[in-house]
Amino acid sequence: MKLTALAAHTPEAVRAALAARGWDAQPAWFAATGIQSLVVLLDDVTEPEREALVRWGAKAGADVLTGAGWALVSAAASRLAPLARPDRLPAGLESLAPELGRFLASYADPPRRWEIAGRTLALDHPVLIGIVNVTPDSFSDGGRFTTVDRAIEQAERLVADGCEILDVGGESTRPGAAPVAPADEIARVVPVVEQLVQRGLGPVSVDTRKAAVARAALAAGAAVINDVSGLAFDPDLARVVAEGGAGVIVMHMRGTPDTMDGLAVYRHVAAEVAAELGAAAARAERAGVARERIVVDPGFGFAKGPEQNFRLLDELATVVGLGYPVAVGPSRKRFLGAATGRPVEDRDRATAVACALAWERGARLFRVHDAALACEALRVAGATTSPVPTRGDRDREREAPLGWNGTSAP
Ligand code: PMM
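The opening residue of the sequence shown carries number 83 in our numbering; numbering runs sequentially from there.
If you want it as structure tokens, here you go:
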């Protein structure tokens, strides 16, 4: 007998091994994703549920570690799948099925598109979001027109370097930054949005926490609202996004830029950030924003210290597991300086590496100040990641056999 160790962090090695031994593409993909090992942590588990899980684990050959009120379950995806199906579910585990079903469905068939105002963005490749700041501290001299001209110049450079979306921000979110009145923020942002749209640069996203600014920006042609407060700052913002048919980036933070550093206390940063982001995304859906329009962002640097940012980057799969496309914004942030010793103006290489790692862990959108290096890093990362077979046409899907989780071909 001859032994070969196969890569197990993606289904690709198993798929390729089966395909090379004569399996058809679709069954090879189902088998490869089905034997992929998954780990889920369950909290708020009752005593009878805990006992039912342990019994199921012993029968199914799954590893179940438990304590008071919690269980950690590790098994191949195909073994977990029956727990998500009401017809196959062991008695006593009914409350597990809906959430596990949603997680398994998004694992087998991750979101591949993002609906924004007026168009659909494909997420089958890394999508760069270029930062166009029009805060006075970024563009210190000159009046409004100089600011607009410089913003357009910066936007043109970002697009030439590979950005597909431009994110215009008129309010600094640094701790201690002076608050900006909505009218002033609108006066900074809207002329830039208008110019970008007129020149066909974009789609345009606007980085704002305020409903009034979002409304003016969408009227000027913006297609996305990027809210660093995760829809917590202005209760009307989600409704404005819904009514405008816009896309939204819901970012995680706690408190406000002035209070967030004191709120960076976590027992398990990835789990807590994911739970809080999931609640924020649910708020958006309740306000009428369609699920396909929502992207979530873990908010690197917002209410997180350096170590917490690195844990979050490593455990990004927990945020990806929510089932929404994930954006990240590590660009030039302090935690990258903490690891490299580089000052803020020399962190684009570190940013590029962080973006590549985030792609590998499931992020699809990358908010950057300088796109050239990030674009190169993401081209390499994108080429290395296993190509997930694209969905076939409707007829082929209808003919497809059911996969391990009861879905048709990814
Ligand atoms: N970071 C900043 C501002 N806006 N938006 C999203 N979605 N994600 C981020 O990480 C993020 C953001 C702060 O960075 P900057 O002041 O350098 O733009």
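Positions of the beta carbon are idealized from the N, C-alpha and C atoms, including for glycine.
When secondary structure is reduced to three states using DSSP, THR148 falls in the strand class. In its chain, beyond the 5 residues on either side, ALA179 have a beta carbon closer than 7 Å to the beta carbon of PRO168. When the Cα atoms are used, PRO339 and ARG103 turn out to be separated by approximately 56 Å. Under DSSP, VAL155 shares a beta bridge with VAL122 and VAL146. Proximity of the stretch 377 to 385 to the stretch 402 to 422 meets the contact definition, three or more beta-carbon pairs being nearer than 8 Å. Looking at the DSSP output, THR202 sits in a beta bridge with GLU197. If the five residues before and after GLY174 are omitted, its C-beta is found closer than 8 Å to the C-beta atoms of PRO130, GLU131, GLU133 and ALA134, all from its own chain and listed in chain order. CA-CA distance, VAL127 to ALA153, rounds to 7 Å. Excluding residues up to 5 positions away in sequence, VAL275, GLU276, VAL279 and VAL286 lie with their Cβ nearer than 7 Å to the Cβ of GLY303 in the same chain. The count of Cβ pairs closer than 8 Å, one atom from the stretch 252 to 266 and one from the stretch 208 to 220, reaches three, so the stretches are in contact. CA-CA distance, GLU442 to ALA463, rounds to 7 Å. The beta carbon of LEU313 is closer than 7 Å to those of LEU319, ALA320, VAL332, ALA362, ARG365 and ALA366 in its chain, skipping five residues each way along the sequence. With a cut-off of 7 Å, the C-beta of PHE382 is classified as near the ligand PMM, since at least one heavy atom of the ligand falls inside that distance. If you look at PHE448, you'll find it in the beta strand (DSSP E) that goes 447 to 450.
Here DSSP, grouped into helix, strand and coil, assigns LEU210 to strand. LEU100 and GLN390 have their C-alpha atoms roughly 39 Å apart. If you draw a straight line from the Cα of THR433 to the Cα of ALA459, it is about 9 Å long.
Buried is the label assigned to ARG270, since at least 16 other Cβ atoms lie within 10 Å of its Cβ. Runs of the beta strand (DSSP E) lying entirely within the stretch 356 to 402, each at least 3 residues long, are 376 to 379 in chain order.
Annotation for VAL371: ALA320, VAL323, ALA324 and VAL330 place their beta carbon closer than 7 Å to its own, counting only its chain and skipping 5 residues before and after. For ALA352, the secondary structure class from DSSP, reduced to helix, strand or coil, is helix.
When the Cα atoms are used, CYS437 and VAL155 turn out to be separated by approximately 30 Å.
Non-local beta-carbon contacts of ALA399 in its own chain, meaning distances under 8 Å to residues more than five positions away in sequence, involve ARG443 and GLY444 in chain order.
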